[in-house]
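To start, the structure under review is shown below, and the notes come after it.
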Amino acid sequence: MDYHILREFADSWVLLLMFVFFVAVIVWAIRPGSNKEHRDVANSIFRNEDKPATSEEARR
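Spelled out as structure tokens, the structure:
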């Protein structure tokens with residue numbers, strides 16, 4: 004394989020593959036079931052404001 008063949012492959016199929024991966028990540032992030040997970044992660048810094056986390060809380 005020479006540079007020209009690899010360059011054509013990268014310009015076509017690899018670009019298409021990267022675009023499909025990008026769209027899949029966006030769709031995965033905004034899927035309907037992820038709202039609860041996003042809310043839990045967003046509020047996780049407030050979970051142990053008054054006392055240190057117990058071992059059970061730290062596993063979440």
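Counting with this note's numbering, you get residues 4 to 63 for the letters of the sequence shown. The C-beta atom is built at its ideal place from N, Cα and C for all residues, glycine as well. Since the model is a prediction, treat every value here as computed from it, not as a measurement.
| query | result |
| --- | --- |
| Under the three-state DSSP convention, the category Asn51 falls into | coil |
| Straight-line gap, Ser37 to Val26 (C-alpha atoms, nearest Å) | 16 Å |
| Span of the alpha helix (DSSP H), counted from its first residue to its last, around Trp31 | 18-32 |
| Pairwise C-alpha distance: Ile29 and Leu20 | 14 Å |
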